[in-house]
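A.B. asks:
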Amino acid sequence: MRLTVIGTGYLGAVHAACMADIGHDVLGVDTDTRKIEALAAGRAPFFEPGLPEILTRNTEDGRLRFTSSLQEAADFGDLHFVCVGTPQRPDSLAADLRHVEAVVDGLVPLLTRDSLIVGKSTVPVGTTRALSRRVAARLRPGVDAEVAWNPEFLREGYAVQDTLRPDRLVVGVTSPRADQLLRAVYDSMLRAGVAYVSTDPATAELVKVAANSFLATKISFINAMAEVCDASGADVVTLADALGHDVRIGRRFLSAGLGFGGGCLPKDIRAFLARAEELQVGEAVSFLRQVDRINHRQRRRTVDLARHLLGGAFAGRRVAVLGATFKPDSDDVRDSPALAVTAEIVAEGADVSVHDPEGLDNARAALSGPTYCTDVMEACRDADVVLHLTEWRRYRELDPVKLAEVVRAPRLLDARNALDPAAWRVAGWHVRALGRPAHVPQPGPGDALRVTIPQAFGPDCTAPTPRDPLSGAPK
Ligand code: NAD
C-alpha cells in the first residue's frame with residue numbers, strides 16, 4: 064500500500080520505518096526540515112534502539128522516503144497517518160490540537176482521490192468526529208475522505224518492537240471500507256496473531272487515554288504508599304513485591320520513586336481531565352488530579368531528601384546527577400522528573416554535574432546551569448551527594464567501590480529504587496531512597512546529617528542506631 068506518515072517525531076519516524084519494513088511504500092512528512100534531511104539520509108534524529116537499522120534498510124531499498132511537502136503526500140498516498148504532537152495548551156490542561164488541525168487544513172484541499180486519514184496522535188475523545196466535519200468542509204468536489212483513529216501504545220526505548228509486534232491494534236472506524244483498509248495495512252501482524260479491536264472512533268480515542276490514566280494511577284498509587292512508608296518506617300519495595308504477587312495487581316508499574324514524566328502521561332491525564340469536564344463528567348475522573356499531584360510531590364520529596372542528606376542546604380555543595388531523560392533507553396527530556404529535580408537543585412545554589420548515556424544534548428538545550436558530563440566518574444568527582452534519577456541499566460552496573468573513591472562523601476539518593484542498596488552500603492555508601500527505611504551512618508565529627516532531619520524521612524535518622532551494613536537492620 065502507499066502510505067504517508069505526517070509528523071515524523073518519536074511516534075511518526077518509528078511508524079513510518081516500521082510500515083516500510085512490513086512491505087508498504089511509505090512517505091514521511093514533517094515541517095521540520097532538519098529532521099527530514101536526517102531521516103532521508105537514513106539517520107535517526109533521536110535515540111531509539113533498533114530505529115537506525117530499519118531506517119537505513121528501508122531508505123536504501125527505496126520503500127521509505129521523506130519530504131516536507133504536503134502536496135507530495137497528497138499525490139502519493141491513499142492512506143495518511145497523522146502522527147503530529149498534541150501538547151498541553153499553555154493556558155489550560157486541555158490538549159492543543161493545532162498541529163492535527165493544521166495537517167487536515169493543509170492536506171485535505173490537495174487530495175484528488177478518495178483517501179483515508181488515520182489519526183495516531185493521542186487526542187481527546189470526540190476529536191475524530193470534529194475532524195470529520197473539518198475534512199468534509201475542505202474537500203474538493205467529487206473527492207471523499209474519511210477519518211479514522213488508530214491510537215498508538217508504543218513505549219520509547221521499545222518503540223520498534225512495540226510497533227512491529229504490538230500487544231493489540233485498536234482502530235476506531237465509521238465504515239467497513241476503513242476497517243478493511245486498516246486490516247490490509249496491518250495484515251502481516253494480524254496473521255501473526257496480534258489482537259485487533261475494531262470499534263467506533265470515540266472508544267478508540269478513549270482506549271489510549273484510559274490506558275495512560277491507568278498506568279499513571281498505578282505509579283502514583285505506589286508513590287502514595289511510599290509516602291506512608293516514610294512516615295511509618297515501612298519499606299515500599301517489599302510492599303510492592305508483596306502486592307505484585309497478587310495476579311490481580313501485578314508488579315509492573317509498581318516501582319516507587321521519582322514518578323512519571325515525558326511527552327505523554329502527564330499531558331494525557333490533564334487533557335483527559337479537561338475533556339471530561341467539557342463532557343460534564345469531570346467528577347468521574349477527578350482522581351486524576353490527585354494522581355498528578357502525587358506525581359509532582361515526588362520531585363519535591365526528592366529535592367527535600369537530597370537537601371537533608373547535605374545537612375540542610377545545597378549552596379556551595381557538589382551534587383552529581385545520574386540520568387537526565389524522563390526514562391531509560393530514550394534521549395527524551397520532555398517533562399523529565401530528573402531534569403525538574405536538577406533545575407531545582409541548581410536554583411538552590413548547588414554545583415551540579417549531570418551524566419546521561421543518551422540525553423545530554425537534549426538536556427543541555429533544555430536546562431542551562433549544570434555541567435554536563437559524558438563520563439560517570441567525572442560527573443561524580445568530589446560530589447557531596449550522588450542522585451540516581453533515571454534508571455539506566457548502566458547505573459545498575461556501576462561499581463560502588465570505585466565510585467566511592469572519586470566522591471567527596473559517599474552519599475547516595477536512589478530516587479528510582481533501582482540500585483542494590485546492600486551492595487552500595489557494603490562499599491561504604493550512606494544510601495537513602497523514597498519509601499525505604501533510612502540506613503544511618505555511624506556518627507562522626509561534623510556529620511550534619513544528625514542535626515537537621517525532617518520527620519518525614521524517619522525518626523530513626525534523628526537518633527542514629529548502629530546497623531548491620533548488609534541488611535540495614537539495627538544491630
Ligand atoms: P514529537 O514532538 O516527537 O513529534 C511530532 C512531530 O510532528 C514533530 O517532528 C513536528 O515537527 C511534527 N509536526 C508538527 N506539526 C506538523 C505539521 N503541521 N505537519 C507535519 N509535521 C508536523 O511527538 P511524539 O512524541 O512523536 O508524539 C506525537 C503524538 O503521538 C502525540 O499525540 C503523543 O501523545 C502520541 N504518542 C507518543 C508516544 C511516544 O512515546 N512519544 C507514544 C504514543 C503516542
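Note that this note's numbering has the sequence shown beginning at 64, numbered continuously upward.
Even for Gly, the Cβ is constructed at its ideal location relative to N, Cα and C.
The structure displayed is predicted, hence computed values, not measured ones.
Per DSSP, what kind of secondary structure is Trp212 in: helix, strand or coil?
C.D. replies: Of the three classes helix, strand and coil, the one that applies to Trp212 here is strand, per DSSP.
A.B. asks: Would you identify the three-state DSSP class for Gly72, choosing helix, strand or coil?
C.D. replies: Looking at Gly72 - three-state DSSP - the assignment turns out to be coil, as it is neither helix nor strand.
A.B. asks: Any idea if Phe277 is buried or exposed, counting beta-carbon neighbours within 10 angstroms, 16 or more meaning buried?
C.D. replies: Exposed is the call here.
A.B. asks: Please name the residue, chosen from Ile408, Tyr73, Ile357, that lies closest to Phe377 on a Cα-to-Cα basis.
C.D. replies: Ranking the options by Cα distance to Phe377, first place goes to Ile408.
A.B. asks: So does Tyr73 have its beta carbon nearer than 6 angstroms to some heavy atom of the ligand NAD?
C.D. replies: Result yes, Cβ under 6 angstroms from the ligand NAD.
A.B. asks: Please state whether DSSP places Cys327 in a helix, a strand or coil.
C.D. replies: Three-state result, Cys327: coil.
A.B. asks: Leaving out the 5 sequence neighbours to the left and right, which residues in its chain are closer than 6 angstroms to Asp510 when beta-carbon positions are compared?
C.D. replies: Here Asp510 scores only 39 on pLDDT, less than 50, and its place in the model should not be relied on; the value that follows carries that caveat. Correct list: empty, nothing qualifies.
A.B. asks: Distance, Cα to Cα, Glu363 vs Gly320?
C.D. replies: The sequence shown places Arg at residue 363, not Glu. Cα-Cα distance, rounded: 12 angstroms.
A.B. asks: With a threshold of 16 other CB atoms inside 10 Å of the CB of Gln243, please say whether the residue is buried or exposed.
C.D. replies: It is exposed - the Cβ of Gln243 has fewer than 16 other Cβ atoms within 10 Å.
A.B. asks: Can you have a look at His308 and say buried or exposed, based on whether 16 or more other CB atoms are within 10 angstroms of its CB?
C.D. replies: When all chains shown are included, His308 counts as exposed.
A.B. asks: Return helix, strand or coil for Asp35, following the three-state DSSP convention.
C.D. replies: Since the first residue shown for the chain is 64 and the last is 538, residue 35 is missing from the structure and cannot be characterised.
A.B. asks: Give the DSSP bridge partners of Asp414, in chain order.
C.D. replies: In DSSP, Asp414 forms a bridge with Arg381.
A.B. asks: Mind checking who Val556 pairs with in its DSSP beta bridge?
C.D. replies: The shown model of the chain, from 64 to 538, leaves out residue 556, and the question about it has no answer.
A.B. asks: Among all the DSSP beta bridges, which residues are the ones paired with His371?
C.D. replies: For His371, which the question treats as bridged, DSSP gives no partner whatsoever.
A.B. asks: Let me know if Gln343 comes out buried or exposed under the rule of 16 or more other beta-carbons within 10 Å of its beta-carbon.
C.D. replies: Looking at its Cβ environment, which holds fewer than 16 other Cβ atoms inside 10 Å, Gln343 is exposed.
A.B. asks: Could you tell me which whole alpha helix (DSSP H) segments of length 4 or greater appear in the stretch 132-160?
C.D. replies: You should have 133-139.
A.B. asks: By how many angstroms is the C-alpha of Arg456 removed from the C-alpha of Asp462?
C.D. replies: Each residue's alpha carbon lies about 13 angstroms from the other.
A.B. asks: What does the alpha-carbon distance come out to for the pair Val186 and Thr175?
C.D. replies: One C-alpha to the other measures close to 27 angstroms.
A.B. asks: Give me the Cα-Cα distance between Ile69 and Leu170, rounded to the nearest whole angstrom.
C.D. replies: Using only the alpha carbons, I get a separation of about 10 angstroms.
A.B. asks: Less than 7 angstroms separating the beta-carbons of Phe139 and Val181?
C.D. replies: No, they are not a contact pair.
A.B. asks: What residue range does the beta strand (DSSP E) around Asp88 cover?
C.D. replies: Counting along the chain, the beta strand (DSSP E) containing Asp88 begins and ends at 88-92.
A.B. asks: Who are the Cβ neighbours of Thr434 in its own chain at under 6 angstroms, not counting the five residues just before and after it?
C.D. replies: Counting only Cβ-Cβ distances below 6 angstroms, and skipping sequence neighbours, we find Ser416.
A.B. asks: In the DSSP output, what is His162 paired with across the bridge?
C.D. replies: Beta-bridge pairing links His162 to no other residue.
A.B. asks: According to DSSP, Gly182 sits in a beta bridge with which residue or residues?
C.D. replies: Beta-bridge pairing links Gly182 to Val145, Trp212.
A.B. asks: Just to confirm my understanding: we take Leu66, look at its own chain, exclude 5 residues before and 5 after, and list those with CB closer than 6 angstroms. What are they?
C.D. replies: So the list reads Met82, His87, Val89, Gly140, Leu142, once near-sequence residues are dropped.
A.B. asks: Please return the same chain residues whose Cβ sits closer than 6 angstroms to the Cβ of Arg474, not counting the five positions on each side in sequence.
C.D. replies: Only Leu372, Val448, His493 meet the Cβ criterion.
A.B. asks: For Gly70, verify whether its CB is less than 6 angstroms away from any heavy atom of the ligand NAD.
C.D. replies: Because some heavy atom of the ligand NAD lies under 6 angstroms away, the Cβ of Gly70 counts as near it: yes.
A.B. asks: On a Cα-Cα basis, can you pick out the residue from Val470, Lys390, Leu452 that is closest to Phe110?
C.D. replies: The shortest Cα separation from Phe110 among Val470, Lys390, Leu452 belongs to Lys390.
A.B. asks: Should the stretch 385-401 be regarded as contacting the stretch 203-222, the criterion being three or more beta carbon pairs within less than 8 angstroms?
C.D. replies: Taking 8 angstroms as the limit for Cβ pairs, the verdict is that the stretch 203-222 does touch the stretch 385-401.
A.B. asks: I need the DSSP call for Phe129, collapsed to helix, strand or coil.
C.D. replies: Phe129 falls in the strand class under three-state DSSP.
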